[in-house]
Ligand SMILES: N[C@@H](CCC(=O)N[C@@H](CS)C(=O)NCC(=O)O)C(=O)O
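Next comes the structure, spelled out in structure tokens:
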């Protein structure tokens with residue numbers, strides 16, 4: 001552990017923005033793989049996933065864990081959505097409905113996991129965290145890499161039908177990569193660039209990027225169930241976690257209010273609702289109470305009253 005003052009790293013309201021008022025996301029720090037013959041090998045009951053049900057990046061990992069049938073291989077702890085001065089708390093500190101205590105490390109906050117592994121860690125204390133119970137350390141804290149690990153690393157231990165599921169298939173990789181390349185900066189991270197901007201000059205280009213990219217996605221999804229290759233891929237999963245939060249949070253809290261998804265983007269909205277209502281991996285990984293509470297409660301610089309809006313009603317429309 002450490003005796004350093006880490007409030008600047010843990011408290012989102014003290015997060016530094018760039019001089020021009022724009023938000024730049026730091027790269028994740030723990031980037032290991034799970035592979036045969038390495039320090040981290042696939043095994044049953046060895047790995048643990050720390051998530052927030054509010055966090056879009058963490059939700060990607062939960063969806064892929066469920067789709068691949070990895071529930072018995074990778075246990076999960078859900079933090080409280082109320083991220084405060086010490087970052088994400090576990091339920092023993094903040095018993096929010098649906099939050100868990102940390103039964104693996106007995107941590108009070110997610111920051112304790114990072115500082116326990118690396119006392120001089122200077123990054124942010126983010127979720128998701130993929131934890132190795134054998135070496136008592138962090139394997140990876142970058143969701144885009146964790147979903148690729150889940151996609152293949154446990155295949156030899158899984159039943160054939162689950163092993164065969166491939167959300168990053170060889171033949172579609174270049175198309176998936178190409179989509180990820182503009183969807184990530186303009187939509188996934190674009191909503192944060194708009195919402196965390198502290199000047200009009202930083203906000204305006206960011207919000208324009210979001211809606212220009214949504215216009216592009218709308219065209220791609222017209223008459224289609226999936227973004228690429230007529231099958232579910234990681235490109236859908238990566239985009240979906242942002243779109244499901246759009247009307248409930250990003251329209252209001254992050255000022256992304258040119259249009260809502262439900263009334264402005266019929267093809268995206270249908271794709272969103274079909275995945276939510278027809279595929280339990282998506283629905284069971286979504287908790288609107290955690291989502292709304294987290295953003296409106298935790299970002300004191302954007303919403304100092306912490307009042308959580310009651311709408312939209314319904315939070316997602318039926319099919
Ligand atoms: N690159 C990371 C980003 C994860 C991330 O930013 N998570 C947010 C929650 S949505 C977080 O934990 N933030 C805490 C903080 O910055 O203090 C990933 O995709 O896994």
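Numbering (UniProt numbering), first residue to last: 1 to 319. For each residue, glycine too, the CB sits at the ideal point set by N, CA and C.
For ligand 1, a non-hydrogen atom lies closer than 7 angstroms to the CB of residue 141.
Excluding residues up to 5 positions away in sequence, 249, 253, 303, 306, 307, 308, 309 lie with their Cβ nearer than 8 angstroms to the Cβ of residue 296 in the same chain.
For residue 183, the uninterrupted alpha helix (DSSP H) segment begins and ends at 173-183. Between residue 49 and residue 65 the beta-carbon gap is near 7 angstroms, inside 8 angstroms, which marks them as a contact. Listed in chain order, the non-local C-beta contacts of residue 96 below 7 angstroms within the same chain comprise 80, 81, 82, local neighbours out to five positions each way being set aside.
Here residue 171 is exposed. Its C-beta has fewer than 16 other C-beta atoms within 10 Å.
As a beta-bridge residue in DSSP terms, residue 51 pairs with 78. Under the three-state reduction of DSSP output, residue 87 falls in the strand class. Contact between the region 154-161 and the region 132-141 is absent: fewer than 3 CB-CB pairs across the two stretches fall below 8 angstroms.
DSSP places residue 129 in the uninterrupted beta strand (DSSP E) bounded by 129-132. Note on geometry: alpha-carbon atoms of residue 7 and residue 228 lie some 42 angstroms from one another. Assigned with DSSP and collapsed to three states, residue 139 falls in strand.
By the C-beta density criterion, residue 77 is buried, having at least 16 other C-beta atoms within 10 angstroms. Non-local C-beta neighbours of residue 241 in its own chain, meaning closer than 6 angstroms and more than five positions away in sequence, comprise 56, 59, 60, ordered along the chain.
A contact between stretches requires three or more CB pairs, one per stretch, nearer than 8 angstroms, and the region 279-291 fails this requirement with the region 85-95. DSSP places residue 253 outside any alpha helix (DSSP H), giving it a letter other than H or E. Residue 109 sits in a strand when the DSSP states are folded into three classes. The region 17-24 and the region 122-129 do not touch, with fewer than three beta-carbon pairs separated by less than 8 angstroms. For residue 31, the secondary structure class from DSSP, reduced to helix, strand or coil, is strand. Residue range 200-221 is occupied by the alpha helix (DSSP H) that includes residue 208. In this structure the region 202-214 lies against the region 174-194, because at least three pairs of beta carbons, one per stretch, are closer than 8 angstroms.
In this structure, ligand 1 has a non-hydrogen atom nearer than 7 angstroms to the beta-carbon of residue 52. With at least 16 other beta carbons inside 10 angstroms of its own, residue 272 counts as buried. Shortest Cα-Cα distance from residue 319 to any of 291, 313, 276 involves 276.
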